[in-house]
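Residue numbers (the UniProt record's numbering), protein chains in the order written: chain A, 1 to 301; chain B, 1 to 225. Even for Gly, the Cβ is constructed at its ideal location relative to N, Cα and C. A quick write-up on the structure given underneath.
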Amino acid sequence: MTVVRLDLRHLISGDRQANRVVPPSGVTAHLTIFAAAAMAFLAVFAMAMSLAAGRLAARWGDELAQSSTIRVVAPADQIAAQTQAALGILETTAGVAFARALDEAEQRALLAPWFGAELDLQALPVPQLIEMIEEDEGFDAAGLRLRLAAEVPGAFLDDHSRWRAPLVEAAGRLRLLGWISALLLGASVAAIVTLAARAALAANAQVISVLRLVGATDRYIAQAFIRRFSLRAFGGATIGVLCAMIAVAILPGASEAAGLLTGLSFQGWHWVLPLFIPPLCALVAFLATGVAARRTLGKLT
Amino acid sequence: MIELKNVAYSYGGGALLSDISLTLAAGSFYFLTGPSGAGKTTLLKLCYGALQPTAGDVLLFGEDVAGLARDGIAALRRRVGVVHQDCQFLDHLSVAENIALPLDVSGRASAAADGDLNELMAWVGLTQRAEALPPELSGGERQRAALARAVIMSPDVVLADEPTGNVDWEMSQRLLRLLVELNRMGKTVLIATHDLSLIRAAKTQVQARVLRISNRQVQLAGADL
Ligand SMILES: Nc1ncnc2c1ncn2[C@@H]1O[C@H](COP(=O)(O)OP(=O)(O)OP(=O)(O)O)[C@@H](O)[C@H]1O
Ligand SMILES: [Mg+2]
């Protein structure tokens, strides 16, 4: 660890000459920078997707977890009685914190998107909805269903967890996929830098042998390559991250009916997270080049 | 300084050198001679740790080269200046930068060293070519640059493999005077050459000993040549 820290300090302070002893390498340099930029760009999106999926999962999981609905479907003259009966049952059900029948105005508001605001509910066989809020421990849905079936034949329990659970799971998976993508992108940076560093070391075999002959240590030689590739990875990743952050910033903002697509942008302090990508990229390049250099140099006399 | 004990070396086939015991005393001046292919370059490589003996021990400054790690070899090369028979340079750096390279890789570059560099460049007659790139140099200029690079660290030992192979008589006398000068400053000098007139010229300036490789052995040649 101390070795890494020392090397890092050396890397940042720099050594003009150590950098000069390896000839400049044109195209390879540009390719490495480009690859780092592209990977960083993609990593920002993977990160944004993960965070958005995480927010979605949390919202679906928490906000909706506590509420359920009971539908009372009955002939018009019985509906009030059955609603009262159902409320009575709910009052005596363990785990139900609160239950109330929606009033006519609320029901109309729910249906307005489909039937228009001028709807006369009396004219339609519309079920009565009862909203209920659970206590934290939840309630026994199967037991409640049985009691309702026995005592209030027109009442049906809509347990939200039935349709919610797969969505929460899907959002969780999406988040996992996002992080796996970010990891794979990091590994790709390591692979690309390793290949580029090996190519550079092979192309500079004569330079390395001259340096050995005049008394350069492996560390000095490796440093010249490590510094170069770390800076390239850092520079490339910085470009990629900045482009991706601009792209994310001009995405349409999160709307009221926020789904995954509209809520993709970073929120609050999450804007800081992409800024960690360039140093991380540089660290990956630093380690990858170090390994490649030590391998190659170890084989020489 | 440099001590070989019952050293043998072979590149894989038959033995090229065998059972060589030799001590290079500090501050002395040696020539190593022998026919082409006798193993002069090989013997020098054994002396600066580029080759490990197939038998016997090589001690450099009292340390066994077989026990040296790679960084140990690197440190050793800062104390032994070597002029290689095939002088290699970093072709993208100027001659001046190449000559200063040993200072840079050992972190000893400084303003004082820059002064030494200019003096040294003048000594080997390369001041005019300081900014040239190595591929633009003539064979003799390359050898002079290689000699300058070998001595810039002020090493304790200078090993030179055919340092005058490509230069005219006058330049070879100049290089010889530089090596003699270094020897007077207390450095051990070993020059591999088959140029007998160079050896004769040296003998007028310095107490030089001549080692000759023949029959896989190193012998101290007689005073007369
Ligand atoms: N790397 C190698 N692998 C195999 N054989 C080698 C190698 N290097 C040198 N040789 C052989 O070892 C022998 C001695 O080579 P060396 O370079 O030491 O000779 P030399 O005395 O320096 O010759 P010259 O005066 O021509 O420079 C030669 O026959 C050469 O072909
Ligand atoms: Mg030779």
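Three-state secondary structure assigned by DSSP to residue i
{"i": "Ala258(A)", "result": "Caution applies to Ala258(A), whose pLDDT of 49 falls short of 50 and renders its modelled position unreliable; the value that the coordinates give is listed next. Correct three-state label for Ala258(A): coil."}
{"i": "Tyr11(B)", "result": "coil"}
{"i": "Glu131(B)", "result": "coil"}
{"i": "Glu91(A)", "result": "helix"}
{"i": "Thr204(B)", "result": "coil"}
{"i": "Ile70(A)", "result": "strand"}
{"i": "Ala81(A)", "result": "helix"}
{"i": "Ile152(B)", "result": "coil"}
{"i": "Leu162(B)", "result": "Leu is not the amino acid found at residue 162(B); the sequence shown has Glu there. Coil."}
{"i": "Gln107(A)", "result": "helix"}
{"i": "Val167(B)", "result": "coil"}
{"i": "Gly186(A)", "result": "helix"}
{"i": "Arg20(A)", "result": "helix"}
{"i": "Gly116(A)", "result": "coil"}
{"i": "Pro252(A)", "result": "coil"}
{"i": "His30(A)", "result": "helix"}
{"i": "Pro279(A)", "result": "helix"}
{"i": "Gly290(A)", "result": "helix"}
{"i": "Met185(B)", "result": "coil"}
{"i": "Arg232(A)", "result": "helix"}
{"i": "Gln143(B)", "result": "helix"}
{"i": "Glu108(B)", "result": "Before going on, a small fix: residue 108(B) reads as Arg here, not Glu. Coil."}
{"i": "Ala222(A)", "result": "helix"}
{"i": "Leu198(B)", "result": "helix"}
Residue i beta carbon near ligand 1 (any heavy atom closer than 7 Å)
{"i": "residue 226(B)", "result": "Nothing about residue 226(B) can be read from this structure; chain B reaches only from 1 to 225."}
{"i": "Glu198(B)", "result": "First, the amino acid is wrong: residue 198(B) is Leu here, not Glu. For ligand 1, not one heavy atom lies less than 7 Å from the Cβ of Leu198(B)."}
{"i": "Leu213(A)", "result": "no"}
{"i": "Gly37(B)", "result": "yes"}
{"i": "Gly49(B)", "result": "no"}
{"i": "Tyr30(B)", "result": "no"}
{"i": "Leu16(B)", "result": "yes"}
{"i": "Gly34(B)", "result": "yes"}
{"i": "His194(B)", "result": "yes"}
{"i": "Tyr11(B)", "result": "yes"}
beta-carbon residue i near ligand 2 non-hydrogen atom, thresh 7 Å
{"i": "Lys40(B)", "result": "yes"}
{"i": "Gln85(B)", "result": "yes"}
{"i": "Asp161(B)", "result": "yes"}
Sheet register partners of residue i (DSSP bridge)
{"i": "Ser209(A)", "result": "Note: Ser209(A) sits in no beta bridge, so no partner."}
{"i": "Met132(A)", "result": "Ser68(A), Ala99(A)"}
{"i": "Tyr30(B)", "result": "Leu190(B), Arg209(B)"}
{"i": "Asp158(A)", "result": "Thr69(A)"}
{"i": "Ala55(B)", "result": "Ala8(B)"}
{"i": "Leu60(B)", "result": "Ile2(B), Glu63(B)"}
{"i": "Leu22(B)", "result": "Leu4(B)"}
{"i": "Gln219(B)", "result": "Arg212(B)"}
{"i": "Val83(B)", "result": "Ala160(B)"}
{"i": "Leu17(B)", "result": "Tyr9(B)"}
Ligand 3 heavy atom lying under 7 Å from the CB of residue i
{"i": "Leu185(A)", "result": "In terms of ligand content, the structure shown lacks ligand 3 and carries ligand 1 and ligand 2 instead."}
Short-range partners of chain A found in the stretch 121-144 of chain B, where Cβ spacing is below 7 Å = none
query = Given a limit of 9 Å on CB to CB distance, which residues of the UniProt domain "ABC3 transporter permease C-terminal" (181-297) of chain A reach chain B?
reply = Gln206, Val207, Ser209, Val210, Leu211, Arg212, Leu213, Val214, Gly215, Ala216, Thr217, Asp218, Arg219, Tyr220, Ile221, Leu297
task = Could you please tell me which residues of the stretch 23-40 of chain A, in chain order, have their CB closer than 9 Å to any CB of chain B?
result = Pro23, Pro24
request  = Using a Cβ-Cβ cut-off of less than 7 Å, give me the residues of the stretch 150-177 of chain A that come near chain B, in sequence order.
outcome  = none
query = Just by C-beta distance, which residues in the stretch 197-211 of chain B are closer than 8 Å to chain A?
reply = none
Positions along the stretch 43-54 of chain A whose CB lies within less than 9 Å of some CB in chain B = none
Under 9 Å (Cβ pairs) to chain A, residues found in the stretch 82-95 of chain B = Val82, His84, Gln88, Phe89, Leu90, Asp91, His92, Leu93
key: Contacting positions in the stretch 100-113 of chain B - beta carbon closer than 8 Å to chain A   = Leu101, Pro102, Asp104, Val105, Ser106, Ala109
task = With 9 Å as the limit, tell me which residues of the stretch 61-76 of chain B have their beta carbon closer than that to any beta carbon of chain A; keep them in chain order.
result = Arg70, Asp71, Ile73, Ala74, Ala75, Leu76
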